[in-house]
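Below: the structure, in structure tokens.
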Amino acid sequence: MNIALIGYGKMGKAIEAIALQRGHQIVLKIDETNTDQFNAENLAKADVAIEFTGPHSAFNNIVKLLQHHTPVVSGSTGWTDKLSEIEALVNQTDGSFVYASNFSVGVNLFFELNKKLATLMAPHTSYAVSMEEIHHTQKLDAPSGTAITLAEGVMESLTRKKQWVNAASNNADDLVIISKREDPAPGTHSIKYSSSIDDIEIIHTAHNREGFATGAVIAAEFVHNKKGIFGMKEVLGL
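The sequence shown maps to residues 1 to 238 in this note's numbering.
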């Protein structure tokens with residue numbers, strides 16, 4: 001495939017390396033220094049675009065790609081309050097869109113494990129649940145999109161938790177997510193159930209960006225020549 005990279009920071013470079021290893025071509029690389037090249041002529045060369053930028057630019061990037069009928073894989077976080085607008089645009093343009101807060105195969109298996117554990121823990125109200133996520137200092141949004149996905153997975157079964165909060169809280173309705181920013185830290189997420197008797201904790205720790213990059217390229221391979229809105233559950237057949 002011919003791939004356009006929208007965002008050419010550390011993740012963009014990691015995606016490039018994996019894409020080349022898997023026999024694909026990179027036909028466009030966009031970062032803050034060459035936004036003038038983010039145009040219809042250059043996008044026409046691409047079979048699919050992989051978009052990893054920041055919360056300030058992701059939404060507009062995705063809109064532009066869909067308007068130019070370029071299939072989009074996006075892993076940017078911090079913008080998904082507008083996800084319904086993107087879904088409407090995908091339907092309007094008969095477009096192709098894959099979104100995931102985290103493309104790592106391991107993390108997506110962890111999402112399923114988290115939901116299963118929450119289902120098992122739901123009747124056991126003596127356990128208090130809390131979450132922690134640790135990322136590098138260049139990550140702009142907090143909590144991470146991965147942490148939010150995990151929190152939503154917990155709250156599906158633990159209905160006594162009404163909302164997540166990104167700070168310590170004494171409100172029994174709150175699911176607390178503590179965010180830490182430390183270098184170097186590609187990403188660690190943990191969910192802990194604590195009681196006076198014991199603790200149960202599940203943890204996912206990324207060692208590098210390769211897992212995220214590989215998953216993003218697999219998603220691009222999946223969505224090529226497909227129409228609609230997809231997530232990693234569809235990509236991985238979970």
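Cβ atoms here follow ideal geometry from the backbone N, Cα and C, with glycine treated the same way.
Every value quoted in this text rests on a predicted model; they were computed, and no experiment measured them.
Cβ-Cβ separation, residue j to residue i (assumed contact under 8 angstroms), whole Å
i, j, result
"M11", "E221", "The pair is not a contact, with the Cβ atoms about 17 angstroms apart (cut-off 8 angstroms)."
"L5", "I30", "7 angstroms"
"S96", "K226", "6 angstroms"
"G106", "T146", "That belief does not hold up - the Cβ atoms of G106 and T146 are roughly 11 angstroms apart, past 8 angstroms."
"V63", "H224", "V63 to H224, Cβ: 21 angstroms. No contact."
"A17", "L28", "Contact flag wrong, Cβ pair sits at about 16 angstroms."
Residue i - containing alpha helix (DSSP H), residue span
i, result
"F103", "No alpha helix (DSSP H) holds F103; DSSP gives it neither H nor E."
"T146", "145 to 157"
"Q92", "83 to 93"
"A40", "40 to 43"
"K64", "58 to 67"
Beta-carbon proximity check, residue i vs residue j, cutoff 8 angstroms
i, j, result
"F103", "A216", "yes"
"K139", "R181", "yes"
"S195", "Y127", "yes"
"M131", "S190", "yes"
"P55", "S84", "no"
"M121", "Y193", "yes"
"E165", "V176", "As written in the sequence, residue 165 is Val, which differs from the Glu given in the question. Contact: yes."
"F52", "I86", "no"
"L109", "I202", "no"
"L43", "H24", "no"
"S179", "A142", "yes"
"I229", "V90", "yes"
"I134", "A185", "yes"
"S157", "T125", "no"
Residue interval of the beta strand (DSSP E) (run including residue i)
i, result
"K29", "25 to 30"
"N2", "2 to 6"
"G9", "No beta strand (DSSP E) contains G9, which DSSP labels as neither H nor E."
"E132", "128 to 135"
"F230", "228 to 230"
"I203", "199 to 205"
Neighbour-count burial assignment, residue i, 16 or more Cβ in a 10 Å radius
i, result
"S74", "buried"
"R160", "exposed"
"G211", "buried"
"H136", "exposed"
"T149", "buried"
"A206", "buried"
"N61", "buried"
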